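J.: Take this structure, written in structure tokens, and hold onto it; I'll ask about it next.
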Amino acid sequence: MTAFRQSVEAMIPALRRYARALARDADIADDLVQDTLVRALRSERLFLGGDVRSWLYTILTNLNKNRRRSLARRPQFMPLLDNNPDASGTEAEGRDIARALSTLVEEQRSVLLLVMLEGLSYREVADIQGVPIGTVMSRLARARAHVKASLEGERTALRRVK
Amino acid sequence: MTDPHIPVTEDELHAYVDNELPAERRGDVEAWLAAHPDDAARVRSWRTMAEALHVRYDGIVDEAVPRRLEIERLVRQPRKWFYGAIAATLAAFIVGGGVGWMARGAAAAPSALQSFTTDALDAHRLYVVEVRHPVEVPGSERAHLQAWLTKRCGWLVRAPELTAAGLKLVGGRLLPGATGPASFMMYESASGERFTIYTAKSEAEATQMRFSSEGKESALFWADRGVAYVVVSSVGDRGRLTQIAQSVYDQMEKTGG
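For the protein sequence lines, the chains are A and B, in the order given.
Sequential numbering of the first sequence, starting at 1, is according to the working numbering.
Sequential numbering of the second sequence, starting at 1001, is according to the working numbering.
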């Protein structure tokens, strides 16, 4: 296996994590990863050095954007309550964070995940999204404020119910 | 050393949490946080958020990578996406089964493929009613039939094995087509229902599987590696036609070159 392919392969687990958080649905997430890999492997000869990691995140981010654009024309159905009252601790928290993420607009979710989950630098995220660093920072700030409000709102609502 | 009295901005708080802050400013921010409990609480909430994200999603990193994402597989079979497209079409066909979807498939069909389908439907109607001479080479001479049609057509012609679907090869014949020779093979079930498989040279390298119907006959057709395939039935059972077409597609995928 070429060094290029090895470095692509090494990224698969992280790409799956990012895709799952980005797209929520496990099958859609793996479809995104597969399409990303196919594209990357197809352009192996076009890849002239640089950071394979950032490049793969860029492909996946763009594919997801295109996917959502084509989905936008269809009606969306979101579960109003997938809340299991028996769940507690980290499991319930995990669902909360997933739901909070789903309320973010696409670019904000992507920035938040790339920085907080995947540990990329502001510079790298700016390159991935093709925007200035200032835009990355304002998206990140808005995303954090939104997720925080969403998590806190949920907890207060739950407390009130109890 | 920056001036510790310059107020810390929100951007700096984010940069601090994300390790993007210049080292010399970190001490200032820490001093600021000690004096500003609201900001300290916000910074804490961001850290908790990051932990929740890792708790929720890090498990995926340790999962076994699904086989369809293995590099070796993707390199060896770069056409897997096409199979996926076919499978998705079939799924839509089976699940939907709706007239709307089928009408859409037929309307969107490339005209070249559409004409193959017309030829295939004509051949089907012409020969399926034939009792004594439906084929030129009988199914008992399968190897000869395949070799002969492959030689005359110029692509690999295989008579798929459809016994699992209850179909026996009746035989095949060579036909004149719009783009040159075409192969035609007929299958029959114990109850006498007949299916035919028509192949001809296609300009389209590969297309999705589509559905078309004309009178009593219905057809599923697609192109793969420059060969157009049309599977025709008069039975009117779309699920059955889909099952046969899927089986033909799978076998072509495996043996075709």
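Every residue gets a Cβ at the ideal spot worked out from N, C-alpha and C, and that includes glycine.
Remember, predicted model here, so these are calculated numbers, not experimental data.
So that I know if they touch, is there some Cβ in chain A lying closer than 8 Å to that of residue 1065 of chain B?
T.: Walking along the second sequence from the start, residue 1065 of chain B turns up at place 65. Residue 1065 of chain B belongs to the set of residues whose beta carbon lies under 8 Å from a beta carbon in chain A.
J.: Give the residues from the region 116-141 of chain A that approach chain B closer than 8 Å (Cβ to any Cβ), ordered along the chain.
T.: 116, 117, 121, 122, 137, 140 and 141
J.: Exposed or buried, residue 1019 of chain B, counting other C-beta atoms within 10 Å across all chains shown (16 or more means buried)?
T.: Against the second sequence, residue 1019 of chain B aligns to sequence position 19. Under this definition residue 1019 of chain B is an exposed residue.
J.: Do the region 1162-1174 of chain B and the region 1206-1215 of chain B touch if we need at least three Cβ pairs shorter than 8 Å?
T.: Contact between the region 1162-1174 of chain B and the region 1206-1215 of chain B is absent: fewer than three C-beta pairs spanning the two stretches fall below 8 Å.
J.: Within a Cβ cutoff of 7 Å, which residues of the same chain sit near residue 37 of chain A, ignoring the five residues on either side of it in sequence?
T.: The residue you call residue 37 of chain A lines up with position 37 of the first sequence. Listed in chain order, the non-local C-beta contacts of residue 37 of chain A below 7 Å within the same chain comprise 8, local neighbours out to five positions each way being set aside.
J.: What residues in the region 8-25 of chain A bring their beta carbon closer than 8 Å to a beta carbon of chain B?
T.: 8, 9, 12, 13, 14, 16, 17, 20 and 21
J.: Please list, in chain order, the residues of the region 1014-1027 of chain B that have any C-beta partner in chain A closer than 7 Å.
T.: 1014, 1018 and 1020
J.: According to DSSP, simplified to helix, strand and coil, what is residue 59 of chain A?
T.: Counting from one through the first sequence, the residue named residue 59 of chain A turns up at place 59. If DSSP states are grouped into helix, strand and coil, residue 59 of chain A belongs with the helices.
J.: Is it a yes or a no for the region 1145-1159 of chain B touching the region 1176-1188 of chain B, going by three-plus beta-carbon pairs under 8 Å?
T.: yes
J.: By DSSP, does residue 1155 of chain B sit in helix, in strand, or in coil?
T.: Working through the second sequence from its first residue, we reach residue 1155 of chain B at position 155. The answer is coil: DSSP assigns residue 1155 of chain B none of H, G, I, E or B.
J.: Can you check whether the CB of residue 117 of chain A is closer than 8 Å to the CB of residue 17 of chain A?
T.: Locating residue 17 of chain A in the first sequence gives position 17, counting from the first residue. Locating residue 117 of chain A in the first sequence gives position 117, counting from the first residue. In contact: residue 17 of chain A and residue 117 of chain A (Cβ atoms closer than 8 Å).
J.: Nearest-angstrom Cα distance between residue 1229 of chain B and residue 1070 of chain B?
T.: Here residue 1229 of chain B is taken as the residue at index 229 of the second sequence, counted from 1. Here residue 1070 of chain B is taken as the residue at index 70 of the second sequence, counted from 1. Near 30 Å, if we compare the C-alpha coordinates of residue 1070 of chain B and residue 1229 of chain B.
J.: Check the Cβ of residue 163 of chain A against every Cβ in chain B and list those closer than 9 Å, keeping chain order.
T.: Not covered by the structure: residue 163 of chain A. The range shown for chain A is 1 to 162.
J.: For residue 1133 of chain B, count the other beta carbons within 10 Å of its own beta carbon; 16 or more makes it buried, fewer makes it exposed. Which is it?
T.: By one-based count along the second sequence, residue 1133 of chain B stands at place 133. Exposed, because fewer than 16 other Cβ atoms sit within 10 Å of the Cβ of residue 1133 of chain B.
J.: From the DSSP secondary-structure annotation, give me the bridge partner or partners of residue 122 of chain A.
T.: Here the question's residue 122 of chain A lines up with position 122 in the first sequence. BP columns for residue 122 of chain A are empty, so no partner.
J.: Can you give the Cα-Cα distance for residue 137 of chain A and residue 34 of chain A, rounded to whole angstroms?
T.: Against the first sequence, residue 137 of chain A aligns to sequence position 137. Against the first sequence, residue 34 of chain A aligns to sequence position 34. Cα to Cα, residue 137 of chain A sits roughly 30 Å from residue 34 of chain A.
J.: Which residues share a DSSP beta bridge with residue 1228 of chain B?
T.: By 1-based counting over the second sequence, the position of residue 1228 of chain B is 228. Residue 1228 of chain B pairs with B/1200 and B/1223.
J.: Of the residues B/1073, B/1189, B/1014 and B/1055, which one's Cα is nearest the Cα of residue 1041 of chain B?
T.: Looking up residue 1041 of chain B in the second sequence gives position 41. Ranking B/1073, B/1189, B/1014 and B/1055 by Cα distance to residue 1041 of chain B puts B/1014 first.
J.: For chain A, check one thing: does any of its Cβ atoms lie closer than 8 Å to the Cβ of residue 1010 of chain B?
T.: As a working note, residue 1010 of chain B is residue 10 in the second sequence. Yes, residue 1010 of chain B counts as interfacial toward chain A.
J.: Which runs of the alpha helix (DSSP H) fall wholly inside the region 6-32 of chain A and span at least 4 residues, in chain order?
T.: Complete alpha helix (DSSP H) runs here, min 4: 12-23.
J.: What did DSSP end up calling residue 1215 of chain B once you bin it into helix, strand or coil?
T.: The residue labelled residue 1215 of chain B in the question sits at position 215 within the second sequence. If DSSP states are grouped into helix, strand and coil, residue 1215 of chain B belongs with coil.
J.: Closer than 8 Å, Cβ to any Cβ of chain B: which residues of the region 39-64 of chain A, in chain order?
T.: Residues of the region 39-64 of chain A whose Cβ lies closer than 8 Å to any Cβ of chain B, in chain order: 41 and 42.
J.: Shortest alpha-carbon distance to residue 140 of chain A belongs to which of A/21, A/51 and A/111?
T.: In the first sequence, residue 140 of chain A corresponds to position 140, counting from 1. It is A/111 whose Cα lies nearest to the Cα of residue 140 of chain A.
J.: For residue 64 of chain A, does the count of other Cβ atoms within 10 angstroms reach 16, so buried, or fall short, so exposed?
T.: Your numbering for residue 64 of chain A matches position 64 in the first sequence. It is buried - the Cβ of residue 64 of chain A has at least 16 other Cβ atoms within 10 Å.
J.: Am I right that residue 19 of chain A and residue 60 of chain A are in contact with their C-beta atoms under 8 Å? What's the rounded C-beta distance?
T.: In the first sequence, residue 19 of chain A corresponds to position 19, counting from 1. In the first sequence, residue 60 of chain A corresponds to position 60, counting from 1. Residue 19 of chain A to residue 60 of chain A, Cβ: 6 Å. Contact.
J.: Beta-carbon within less than 6 Å of residue 1016 of chain B's beta-carbon, same chain only, minus the 5 sequence neighbours each way: which residues are those?
T.: Working through the second sequence from its first residue, we reach residue 1016 of chain B at position 16. The residues are 1029.
J.: Between which two residues does the alpha helix (DSSP H) carrying residue 1007 of chain B extend?
T.: Here the question's residue 1007 of chain B lines up with position 7 in the second sequence. Looking at the DSSP string, residue 1007 of chain B is not in any alpha helix (DSSP H), and its letter there is neither H nor E.
J.: Label residue 1053 of chain B either buried or exposed according to how many other C-beta atoms from any shown protein chain fall within 10 Å of its C-beta, with 16 as the threshold for buried.
T.: Position 53 of the second sequence, counted from the start, is the residue given in the question as residue 1053 of chain B. Residue 1053 of chain B comes out buried.
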